[in-house]
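Chemist:
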Amino acid sequence: MFVIFDMRIYRYLKELYQKRITIILSPRFVNRSFTLTINKLTIMILIVSFTAFLGANVYFGFSYSDRISLNSKLQYLKMTEIARTQNINHLSEKVDTLNQELEKRLEFSENIRLLYDEESILNRIENIAVGGKLEGADAELMKDIRLSKLSQLYQKVKIGYSAEETLKKKVELQNRIWKYTPTLKPTGGPIVSGFGYRRNPLGGGIQFHRGIDIVMPYGAPVVASADGVVETAGMKSGYG
69 MFVIFDMRIY RYLKELYQKR ITIILSPRFV NRSFTLTINK LTIMILIVSF
119 TAFLGANVYF GFSYSDRISL NSKLQYLKMT EIARTQNINH LSEKVDTLNQ
169 ELEKRLEFSE NIRLLYDEES ILNRIENIAV GGKLEGADAE LMKDIRLSKL
219 SQLYQKVKIG YSAEETLKKK VELQNRIWKY TPTLKPTGGP IVSGFGYRRN
269 PLGGGIQFHR GIDIVMPYGA PVVASADGVV ETAGMKSGYG
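The working numbering puts the first residue of the sequence shown at 69, with every later residue one more than the last.
#1: Identify which residue in 248, 264, 282, 285 has its Cα closest to the Cα of residue 298.
#2: What span of residues does the alpha helix (DSSP H) with residue 116 cover, start to end?
#3: Rounded to whole angstroms, what is the Cα-Cα separation between residue 140 and residue 146?
#4: Under the rule that 16 or more other beta-carbon atoms within 10 Å means buried, what is residue 224, buried or exposed?
#5: Roughly how many angstroms lie between the CA atoms of residue 291 and residue 244, to the nearest whole one?
#6: Taking 8 Å as the cut-off, does the region 127 to 140 touch the region 171 to 191 (at least 3 CB pairs, one atom from each stretch)?
#7: Where residue 259 and residue 237 are concerned, what is the direct C-alpha to C-alpha distance, given to the nearest angstrom?
#8: Rounded to a whole number of angstroms, what is the C-alpha to C-alpha distance between residue 166 and residue 179?
#9: To the nearest angstrom, report how far apart residue 265 and residue 281 are at their CA atoms.
#10: Taking the continuous beta strand (DSSP E) assigned at residue 264, which residues delimit it?
#11: Quick one: what does DSSP say residue 278 is sitting in, helix, strand or coil?
#12: Using the Cβ count rule (16 or more neighbours within 10 Å means buried), how would you classify residue 252?
#13: Can you tell me the Cβ-Cβ gap for residue 309 and residue 285, rounded? I've got them flagged as a contact below 8 Å.
#14: Answer with buried or exposed for residue 294, where buried requires no fewer than 16 other C-beta atoms within 10 angstroms of its C-beta.
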C-alpha cells in the first residue's frame, strides 16, 4: 500500500516536471525577446518555498512582538516587586522603631503597675510571638515574617492600651482617695482621743469615734488637711 502511494506521488511529480511553461519577455526598449522555459514542478517548489518563507517571517515576527510585550510585562512586574519589597522593608523598620518605643512605655507602665499591686502584663505580651531567627528562610517567607511583625505590634498595643486604661482608672480612684485622706494635723496641740472605738466620755460605754479630738485654745487657727467640704463651723451639740 505504501509502495502504491509512493508511486502515485512519483508519477504526479514526474508529470509536473515534464509539463513546462514558456514565458516570453519582450522589453519595449530592446529589439530582441527573451524566452524562459520552466517546468511546473519548479514553479510549485518556488511557490511552496515562498509560502513557507513568508509564513515563517510572519510567525517569527509575531513571536518577536509577543516576546517584546512579555519582556515589558516581566520588567514591570520586577519593578513592582522591588518597590513592594522596599515598602515592606521601610514598614518593617518603622515597626521595629515603634516596637522599641512601645517596650519603653510598657516598662514604665509595669513599674507603675507594681506600685499599685496590679497584675503584670509582660507574660501576656511575651506569649504573642515566641520564636527565634529563621536560618535559610526564602525571600517570600521573610516578607511574611516582616508583615507578621505589624500584627504582633498591633496585638501588643491592644493589650497595652487595655491594661493602661484599667490602670488609669485605678490610679484616678487612688488619687481621689489620697486627696480625701488627711496627711497632716489640722491644728497644733495634743490628740486626746483618736479614731476608733473608745469609752464614751459623756454617756459611758464603748462607742465608735469617727474623728480625733485635739485640744487647742478657742479661736486657734485650723487648716484643711485634705480635700473636702466644711459642713459645720462653730458649736454643735455632741461634738463640743
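In this text, a Cβ means the ideal position worked out from N, Cα and C, and glycines have one as well. None of these values were measured; they are calculated from a predicted model.
Modeler: According to the structure shown:
#1: 248
#2: 108 to 183
#3: 10 Å
#4: buried
#5: 19 Å
#6: no
#7: 36 Å
#8: 20 Å
#9: 13 Å
#10: 264 to 267
#11: coil
#12: exposed
#13: A query on residue 309 cannot be resolved here, the shown segment of the chain reaching from 69 to 308 and no further.
#14: exposed
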